[in-house]
Every structure is written in structure tokens, then in C-alpha cells.
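2 protein chains.
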Amino acid sequence: MPDLDPALAYDVTQFERPSVTADIVIFTLRHRTLQVLLIQRKAWPFEGLWAIPGGFVRMEETLEAAAERELREETGVTDAALEQLRAYGDPGRDPRTRVITLAFTALIPSDRVILRADTDAADANWFPIDDLPLPLAFDHIKILEDAHKSLRAKVEAGYVARGLLPAKFTLTQLQEVYETLMGRELDKRNFRKWILSLGILSQTTEEVRGAHRPAALYEFAG
Amino acid sequence: MPDLDPALAYDVTQFERPSVTADIVIFTLRHRTLQVLLIQRKAWPFEGLWAIPGGFVRMEETLEAAAERELREETGVTDAALEQLRAYGDPGRDPRTRVITLAFTALIPSDRVILRADTDAADANWFPIDDLPLPLAFDHIKILEDAHKSLRAKVEAGYVARGLLPAKFTLTQLQEVYETLMGRELDKRNFRKWILSLGILSQTTEEVRGAHRPAALYEFAG
DNA sequence: TAAATAGTGTCTATAAGACACTATTCT
DNA sequence: AGAATAGTGTCTTATAGACACTATTTA
Chain Y
26 MPDLDPALAY
36 DVTQFERPSV
46 TADIVIFTLR
56 HRTLQVLLIQ
66 RKAWPFEGLW
76 AIPGGFVRME
86 ETLEAAAERE
96 LREETGVTDA
106 ALEQLRAYGD
116 PGRDPRTRVI
126 TLAFTALIPS
136 DRVILRADTD
146 AADANWFPID
156 DLPLPLAFDH
166 IKILEDAHKS
176 LRAKVEAGYV
186 ARGLLPAKFT
196 LTQLQEVYET
206 LMGRELDKRN
216 FRKWILSLGI
226 LSQTTEEVRG
236 AHRPAALYEF
246 AG
Chain E
26 MPDLDPALAY
36 DVTQFERPSV
46 TADIVIFTLR
56 HRTLQVLLIQ
66 RKAWPFEGLW
76 AIPGGFVRME
86 ETLEAAAERE
96 LREETGVTDA
106 ALEQLRAYGD
116 PGRDPRTRVI
126 TLAFTALIPS
136 DRVILRADTD
146 AADANWFPID
156 DLPLPLAFDH
166 IKILEDAHKS
176 LRAKVEAGYV
186 ARGLLPAKFT
196 LTQLQEVYET
206 LMGRELDKRN
216 FRKWILSLGI
226 LSQTTEEVRG
236 AHRPAALYEF
246 AG
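Sequence lines, in order, name chains Y and E. In terms of this note's numbering, the first sequence opens at residue 26 and continues consecutively. In terms of this note's numbering, the second sequence opens at residue 26 and continues consecutively.
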């Protein structure tokens, strides 16, 4: 059967349909800690518990547009790079009805976020990925675990977390991002050798003058 | 908004819901070529075009169970390792109604397959991934491209395609699988050094006696 | 004994990691 | 001058790849 059973012509109404939502795992770095944005549920089910922000996919929007809209509504951030994680759809994961959720991840710099506890949420807040307000609503702990695992795998494989940095940054700042994501300290000389060898950075003419020796500012090339 | 908008209580019926299908990219090796199983559509839309097999996710089954059921219905194969690829859901990808499809991939040995052109399909057949009967129905060419890219990435990263081999096999057979998946020839000594160093194979006491020097049979350990 | 496939080891190049000091600026 | 951060090079080890011959069996 391709997509819809051709034998049924296109009377799709005869099948009961699930609800489809887009949930979005929003990662940021705060206080040198990897944190996620959660909202506190106002109503049944799981009233009072914390959950990953998300909402219905509307009939006229793409899946990515739904996730972008949710991100914008929750954080005001408009141009983050979103990635699909996977779908979660066990019957019973939502006590109301069959709900299939498409999980997305986003990495954003925390200073660009304006938290909005909107009408649906009692509260919205950041939590360290290693210190979550358990239990979470629905199967959201599983989604967070998968998102964290996926992020770690990408970072270990050399994925560069552009989304977590301002446009211009020092190599020390970049190294701190990596150290936080990888959960261990890195050697400064090896890190610089490696990151510069990737050819994805270009040095600007600017430098940042702090309390001591100024540091060169870099940006992502291309 | 977590999953379903709590402000709406649980009256989920007020939102129009999309149809959700599971489509499954079934890979196999035939004649030293990577091939996929396609079915030919019997009815509008895209009547006569070839498509990836798939069907509705039923209300009481998990997403994985839906994909397994489709695989079984199309091929008779029951215990293949299925993996989620991603969701495809652009409005308009199906002219009948909004259809969000969850794409899965499976790797199976072609000798275990009994093709069944069931009631929904005019025909079912294998096609080399590099020689597809274009154009395909829906956005299925995009799904196949993504599935192929994902497979190549996994193989390059050392993923071992257990699913494509019989329970016991020679190292030469295993090497041929890798060569086909990677699209290039491999050095026999280097391949054996590498695959044995992974520690995932164990040698059986059996050997296969063909036209010439017998080859040792291996199996996956664990 | 010829044909066909199975099976084996070394050397080289590259990448990753351990490791410590000098340079510049500010107060 | 002292404190603080920026910036730099070598050696070692592990991994990946190039490369060619011997071993065993059947017809």
C-alpha cells in the first residue's frame, strides 16, 4: 500500500486519524551548562508537570514550519537551525487520544531568548539536561534522552554547534562550548589545531579587549 | 504548548487531523547491486507509477508495528531490523488530503523475500537504487535519496549490515556486501584486519566447500 | 598440474593526543 | 611587577591504506 490504499480511492475519511504535533527540544548553554527549555503544564493530563514545548501541526503548514512557529511562540527566536529527531507515537502515550509527535531539536544562544509563558503554560524555564524536574509529562524524558544522545554523537563526530555562538567569538569561547557539549576538558593546543584545520573559521580583524591580553575574534566562513 | 494545547482541554476533535502513514524503504542486495522494493500503483493519484510500499498507521498499533506489518504484507519478512528515517509531510505531497508519512528503512536478504503483489498494487518488484523507474509517485524519490544517503553514511561510519547476510557467511561474502554498499572495491587484507578487529564476528567450525579451497564460515557474535 | 579461491604481514602516511612555556595587556 | 588570559610546537601512538605472495582444494 503506497501512502493511502489505492483500493479505497481517496475516501480517507473512513479511517480514524491520529493527532499530530511537533515538539521541539530547545538546547542552549547557560552558565557553562547544557540546558533545555521546558514549559509547565496548566491542565490535564500531567497538570503541573514540565514538558517539552510543542503543538499541533496545522493542515496548511509544513512540519518544519510548525516547529519554527512553536519555537517562535515560546522563545521569540526566528532563524534557528531546526533538525528532525524522530517520531514518537506509541498508543497511550497521551491519555486523551492517539497523538503522534514529531520531535525536533534546535540549538540557540540563550541571550537571544525572551521566555514567554504563554496562555497554555503556567511557566517556562531552562533546566540543565542533567538536572530535570522529574517526572516529565508524557514520554518526554525519552525524547530528551534521545535528543541528548543525538547531540553528543554529532559533536563527537565533529559537528560544529554554530547555533550556540554569537556571530563573532574567540577561540576560547568556542572551546568552552565544545567542552560543555562533550562533558570533558580539551587541550587548548590540540583544540585550536583541530578547529583551524577544518577550514570553517575565518579570523576577523577585530579583537576583544578584556581585562588582559586581547583575543582575536573569529567567525564562521561561508 | 505541550503535545496538545491544554487550554483546549482534551477536545481534540476540533482540529482537523492529517492522515498518517508508514512508508518503508526495503533494501536488499541482488546481483551485487543495492536494490529497493517498489510497488506499482493501481489507482489515482499517480496511477501506474512506482512507489515505496506503505500504509496507514492504525489507531491501536505503534509506529514500528505499522512498519513491520507493511513489510510483512509486502514481502513475508517478519523479523527485519527497522529504523526510522524521518517524517515527510509537506502539504500537497498527496493530492487527496494532508498525509504525513513516517519513513522507515529495512535491510533484508533477498532470498528471504516472497514478493506479493497484493490487492493494492498492480505489481511489486526490485529496482537498483541507481536505476529507478522514474518518475516515482508522491515525493518518494526524495525519500529514497535520503534513505540511500543515510545508509551510505552509516556504512562509512562502520555500521555492519547484518540484515543483508544469511546467518553464516564467508568473509569474502561479507566483503562483497560492503563493497556494494560503499560503491568501491576494498583491499582484502585490510578489510579482514578491520572487520576482525571489531570483535563482532566469531568463526564457526564449519566451512563451505565450493569449487576450490574451502572458506571458513563466520557468524555474528552475541 | 592447472585453475580458482582462501588466507596472511609489513611498511608508510596521517590523525589524535599528551605535554609546558612565552606573549601581551591591564592594573 | 604581578595577575590574567592569549597564543604557540613537538613527540608519541594509533589507525588506515598501499601493496603480493602462499595455501588448499577440485577437476
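The beta carbon of each residue, even a glycine, is placed where N, CA and C say it ideally should be. Note that the coordinates shown come from a computational prediction; the quantities given were computed from them, not determined experimentally.
Q: Grab me the residues of Y/Val-233's own chain with a C-beta within less than 7 Å of its C-beta, minus the 5 sequence neighbours each way, in chain order.
A: By one-based count along the first sequence, residue 233 of chain Y stands at place 208. Around Y/Val-233: Thr-195, Pro-239, Ala-240, Leu-242.
Q | Short CB-CB distance (under 8 Å) between Y/Ile-125 and chain E | A | Residue 125 of chain Y sits at position 100 when you count from the first residue of the first sequence. It does: the Cβ of Y/Ile-125 has a partner Cβ on chain E nearer than 8 Å.
Q.
Taking its Cβ as the centre, do 16 or more other Cβ atoms sit within 10 Å of Y/Ser-44, making it buried, or is it exposed?
A. Position 19 of the first sequence, counting from 1, holds the residue named residue 44 of chain Y. Buried, by the Cβ-count rule.
Q: Return helix, strand or coil for Y/Ile-225, following the three-state DSSP convention.
A: Position 200 of the first sequence, counted from the start, is the residue given in the question as residue 225 of chain Y. In the structure shown, Y/Ile-225 sits in coil (DSSP, three-state: anything other than H, G, I, E or B).
Q: Taking E/Ser-85 as part of the beta strand (DSSP E), name the residues at either end of that continuous run.
A: The sequence position of residue 85 of chain E within the second sequence is 60, counting from 1. According to the sequence displayed, residue 85 of chain E carries Glu and not Ser. Taken as a continuous stretch (DSSP letters only), E/Glu-85 belongs to no beta strand (DSSP E), as it is neither H nor E.
Q.
Taking the straight line between their C-alpha atoms, what separation do you get for Y/Phe-52 and Y/Asp-104?
A. Here residue 52 of chain Y refers to the residue found at position 27 when the first sequence is read from its first residue. Here residue 104 of chain Y refers to the residue found at position 79 when the first sequence is read from its first residue. So the two alpha carbons sit approximately 14 Å from each other.
**Q.** E/His-237 to E/Glu-201 span [Cα, whole Å]
**A.** Position 212 of the second sequence, counted from the first residue, corresponds to residue 237 of chain E. Position 176 of the second sequence, counted from the first residue, corresponds to residue 201 of chain E. Rounded to whole angstroms, E/His-237 to E/Glu-201 spans 18 Å at the Cα level.
(Q) Just to confirm, is the Cβ distance from E/Ala-146 to E/Phe-71 under 8 Å? (A) The residue labelled residue 146 of chain E in the question sits at position 121 within the second sequence. The residue labelled residue 71 of chain E in the question sits at position 46 within the second sequence. Not in contact: E/Ala-146 and E/Phe-71 (Cβ atoms no closer than 8 Å).
Q | Option in E/Arg-66, E/Ala-246, E/Glu-85 with minimal Cα separation from E/Ile-77 | A | Sequence index remark: in the second sequence, residue 77 of chain E carries index 52 (1-based). Residue E/Arg-66 is the option with its Cα nearest to E/Ile-77.
Q: Determine the chain Y residues that contact E/Glu-86 at a beta-carbon separation under 8 Å, and present them in chain order.
A: Indexing the second sequence from 1 puts residue 86 of chain E at position 61. Under the 8 Å cutoff, chain Y gives Pro-116.
(Q) Against E/Ala-112, what residues of chain Y qualify as contacts under a CB-to-CB distance less than 7 Å, listed in chain order? (A) In the second sequence, the residue the question calls residue 112 of chain E occupies position 87. Correct list: Leu-88, Gln-109, Ala-112, Leu-127.
Q) Hey, is E/Phe-81's beta-carbon within less than 8 Å of any beta-carbon in chain Y? A) For the purposes of this step, residue 81 of chain E is taken as the residue at position 56 of the second sequence. So, interface residue.
Q.
Less than 8 Å between CB atoms is the rule here; does Y/Phe-40 satisfy it with respect to chain E?
A. Residue numbering aside, residue 40 of chain Y sits at position 15 when the first sequence is read from its first letter. So, interface residue.
Q: Put E/Thr-58 into one of helix, strand or coil per three-state DSSP.
A: Reading the second sequence from its first residue, position 33 is the one you call residue 58 of chain E. Correct three-state label for E/Thr-58: strand.
Q.
Among the candidates Y/Leu-199, Y/Lys-213, Y/Glu-98, Y/Met-207, whose CA atom is the shortest distance from the CA of Y/Arg-187?
A. To locate residue 187 of chain Y, count along the first sequence from 1; it is residue 162. Per the Cα distances, Y/Leu-199.
Q) Does the count of Cβ pairs from the segment 92-103 of chain E and the segment 118-138 of chain E closer than 8 Å reach three? A) yes
Q.
With distance defined between alpha-carbon atoms, name the residue in E/Ile-139, E/Val-185, E/Leu-169, E/Pro-134 nearest to E/Gly-224.
A. Mapped onto the second sequence, residue 224 of chain E falls at position 199. Of E/Ile-139, E/Val-185, E/Leu-169, E/Pro-134, the residue nearest in Cα terms is E/Val-185.
Q: Note the first and the last residue of the continuous alpha helix (DSSP H) segment covering Y/Glu-181.
A: Against the first sequence, residue 181 of chain Y aligns to sequence position 156. Y/Glu-181 -> alpha helix (DSSP H) spans 165-181.
Q. At which residues does the alpha helix (DSSP H) containing E/Val-202 begin and terminate?
A. On the second sequence, residue 202 of chain E is found 177 positions in, with the first residue counted as 1. Where E/Val-202 is concerned, the enclosing alpha helix (DSSP H) stretches over 196-207.
Q. Alpha carbon to alpha carbon, how far is Y/Val-61 from Y/Thr-230?
A. Reading the first sequence from its first residue, position 36 is the one you call residue 61 of chain Y. Reading the first sequence from its first residue, position 205 is the one you call residue 230 of chain Y. Approximately 34 Å, taken between the alpha carbons.
Q | Cutoff 8 Å: E/Pro-43 Cβ touching any chain Y Cβ | A | As a first step, residue 43 of chain E must be located in the second sequence, where it is residue number 18. True, the Cβ-Cβ gap to chain Y drops below 8 Å.
Q | Three-state secondary structure assigned by DSSP to E/Phe-327 | A | For chain E, the structure presents residues 26 to 247; residue 327 of chain E sits outside this window and is missing.
Q. Given a threshold of 16 other Cβ atoms within 10 Å of its Cβ, counted over all protein chains shown, does Y/Ile-64 qualify as buried or as exposed?
A. Residue numbering aside, residue 64 of chain Y sits at position 39 when the first sequence is read from its first letter. Looking at its Cβ environment, which holds 16 or more other Cβ atoms inside 10 Å, Y/Ile-64 is buried.
(Q) If I measure Cβ to Cβ from E/Ala-192 and keep anything under 7 Å in the same chain, skipping five residues before and after, which residues do I get? (A) As a position in the second sequence, residue 192 of chain E is number 167, starting the count at 1. The residues are Glu-244.
Q) Taking the alpha-carbon positions, what's the Y/Leu-107 to E/Ser-227 distance? A) The count along the first sequence starts at 1 and reaches residue 107 of chain Y at position 82. The count along the second sequence starts at 1 and reaches residue 227 of chain E at position 202. So the two alpha carbons sit approximately 42 Å from each other.
Q) Going by Cα to Cα distance, which pick from E/Leu-189, E/Asp-164, E/His-173, E/Leu-221 is closest to E/Asp-119? A) Reading the second sequence from its first residue, position 94 is the one you call residue 119 of chain E. Looking at the Cα atoms, E/Asp-164 is the closest of the given residues.
(Q) Quick check on E/Thr-100: buried or exposed, where buried means 16 or more other Cβ atoms within 10 Å of its Cβ? (A) Counted from its first residue, the second sequence places residue 100 of chain E at position 75. Buried: at least 16 other Cβ atoms inside 10 Å.
Q. Who are the near neighbours of E/Gly-79 in its chain, counting only those whose CB is closer than 7 Å to its CB and skipping five residues on each side?
A. Against the second sequence, residue 79 of chain E aligns to sequence position 54. Excluding sequence neighbours, E/Gly-79 sits near Thr-46, Ala-47, Asp-48, Ile-49, Glu-95, Thr-126.
Q: Could you tell me how far apart the beta carbons of E/Leu-190 and E/Pro-134 are, in whole angstroms, since I believe they sit closer than 8 Å?
A: Sequence index remark: in the second sequence, residue 190 of chain E carries index 165 (1-based). Sequence index remark: in the second sequence, residue 134 of chain E carries index 109 (1-based). About 7 Å separates the two Cβ atoms, so the contact holds.
**Q.** Between the CA atoms of Y/Trp-151 and Y/Leu-74 - distance to the nearest angstrom
**A.** As a working note, residue 74 of chain Y is residue 49 in the first sequence. As a working note, residue 151 of chain Y is residue 126 in the first sequence. Computed Cα separation, rounded: 14 Å.
Q. Do Y/Val-138 and Y/Val-82 have their CB atoms nearer than 8 Å?
A. Residue mapping note: residue 138 of chain Y aligns to position 113 of the first sequence, counting from 1. Residue mapping note: residue 82 of chain Y aligns to position 57 of the first sequence, counting from 1. Cβ distance not < 8 Å, so Y/Val-138 and Y/Val-82 don't count as in contact.
Q. Can Y/Glu-86 and E/Pro-116 be called in contact, C-beta distance under 8 Å?
A. Against the first sequence, residue 86 of chain Y aligns to sequence position 61. Against the second sequence, residue 116 of chain E aligns to sequence position 91. Their beta carbons are under 8 Å apart, which means Y/Glu-86 touches E/Pro-116 by this criterion.
Q: Between the Cα of E/Phe-40 and those of Y/His-56, Y/Ala-112, Y/Glu-89, Y/Val-124, spot the shortest distance and give me the residue it belongs to.
A: By one-based count along the second sequence, residue 40 of chain E stands at place 15. When only C-alpha atoms are compared, the closest one is Y/Val-124.
Q. In terms of residues, what are the limits of the beta strand (DSSP E) holding Y/Ala-105?
A. As a working mapping, residue 105 of chain Y is identified with position 80 in the first sequence. First-last for Y/Ala-105: undefined, no H or E at that position.
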